[in-house]
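Remarks on the structure that follows.
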Amino acid sequence: MQIMSQIDRNIAYNLKRIRKSRNLSLDMLAEKTGVSKSMLGQIERGESNPTVATVSKIMEGMQVSFEDLIYKKEDEIVSVDRENLSIYKEKAGEYSMQVVFPYRRERSFELFYLRLAPGGLCLGNVYGENTWIYLTVSKGAVNVKVENEEYRIAEGNSLRFPAFKEHSFAGPKEAEAEGYLILSHAEDGA
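With this note's numbering, the residue at position 184 of the sequence shown is 170, and numbering never jumps.
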């Protein structure tokens, strides 16, 4: 039994998706790429792990990049259920941060959901230059400390600050707080 890697599964899916989007039959694709129809069919069905030489022929014949073949194409519409989000980091009784939309190479941001317990404190990760955090508070208020400056962001309000500076998020002692964080990896600043 042959074991397929995630890359092989992505190639199988993407090859078929791209071929069909261009209205090409396997015969037509074989002619364009120089790869046999039977081999192309095996790759699309996940029955064959293509060699680098075969992938190269497919790329040249279809005029697609290596990335177009090996990375899974993200669905155009994605519905996210907050109850099923992955935990990014948490500390019991203090905070939890969950991933809503993780980093993807084709976009320059990540989205997180932050929940702070009353009086909870979450120390933020420090990132490289040209990385920014956009916080929007959806419930309660969040006290944000960026280096030596402190900001109280009320429900419905937002704050943008550089993620390459030391920062933290604190919930008020009297109530839980929630918000969404966008981590932007902008090439040209904010």
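We put the CB at the ideal spot given by N, CA and C, even for glycine.
By Cβ distance below 7 Å, which residues in the same chain neighbour residue 28 in space, the five residues on each side in sequence not counted?
-> Numbered from 1 along the sequence shown, position 42 holds the residue referred to as residue 28. Within the same chain, residue 28 has close Cβ partners 34.
**Prompt:** In this structure, does DSSP put residue 162 in helix, strand or coil?
**Reply:** The residue you call residue 162 lines up with position 176 of the sequence shown. If DSSP states are grouped into helix, strand and coil, residue 162 belongs with coil.
Where residue 156 and residue 106 are concerned, what is the direct C-alpha to C-alpha distance, given to the nearest angstrom? For this step, residue 156 is matched to residue 170 along the sequence shown. For this step, residue 106 is matched to residue 120 along the sequence shown. Rounded to the nearest angstrom, the two C-alpha atoms are 6 Å apart.
- prompt: To which residues of the same chain is residue -9 closer than 6 Å at the C-beta, ignoring the five residues directly before and after it?
  reply: As a first step, residue -9 must be located in the sequence shown, where it is residue number 5. Answer for residue -9: no residue qualifies.
Check your understanding: In three-state terms, what does DSSP make of residue 137?
Key -> On the sequence shown, residue 137 is found 151 positions in, with the first residue counted as 1. DSSP places residue 137 in strand when its eight states are reduced to three.
message = Which same chain residues end up closer than 8 Å to residue 112 when comparing Cβ atoms and leaving out the 5 residues on each side of it in sequence?
response = Residue mapping note: residue 112 aligns to position 126 of the sequence shown, counting from 1. So the list reads 149, 150, 151, 152 and 153, once near-sequence residues are dropped.
Discussion item. I need the straight-line Cα distance from residue 90 to residue 168, nearest angstrom please.
Written reply: The sequence position of residue 90 within the sequence shown is 104, counting from 1. The sequence position of residue 168 within the sequence shown is 182, counting from 1. Residue 90 and residue 168: Cα-Cα distance of roughly 13 Å.
Does the Cβ of residue 25 have 16 or more other Cβ atoms within 10 Å, making it buried, or fewer, making it exposed? Your numbering for residue 25 matches position 39 in the sequence shown. Classification for residue 25: buried.
What do you get for residue 39, buried or exposed, if any count of 16 or more other CB atoms within 10 angstroms of its CB means buried?
-> Position 53 of the sequence shown, counted from the first residue, corresponds to residue 39. Classification of residue 39: exposed, given that the 10 Å Cβ count is below 16.
* Asked: Is it true that the CB of residue 147 sits closer than 9 Å to the CB of residue 121?
  -> Locating residue 121 in the sequence shown gives position 135, where the first residue counts as 1. Locating residue 147 in the sequence shown gives position 161, where the first residue counts as 1. Contact flag set, yes.
Query raised in the report: In chain order, which continuous runs of the alpha helix (DSSP H) of length 4 or greater are located wholly inside the region 32 to 119?
Result: 38 to 48 and 52 to 56
*asked:* Which same chain residues end up closer than 6 Å to residue 58 when comparing Cβ atoms and leaving out the 5 residues on each side of it in sequence?
replied: Here residue 58 corresponds to residue number 72 of the sequence shown, with the count starting at 1. Hits under 6 Å: -4.
**OP:** Mind checking which residues open and close the alpha helix (DSSP H) that includes residue 0?
**Re:** Looking up residue 0 in the sequence shown gives position 14. That run of the alpha helix (DSSP H) goes -8 to 7.
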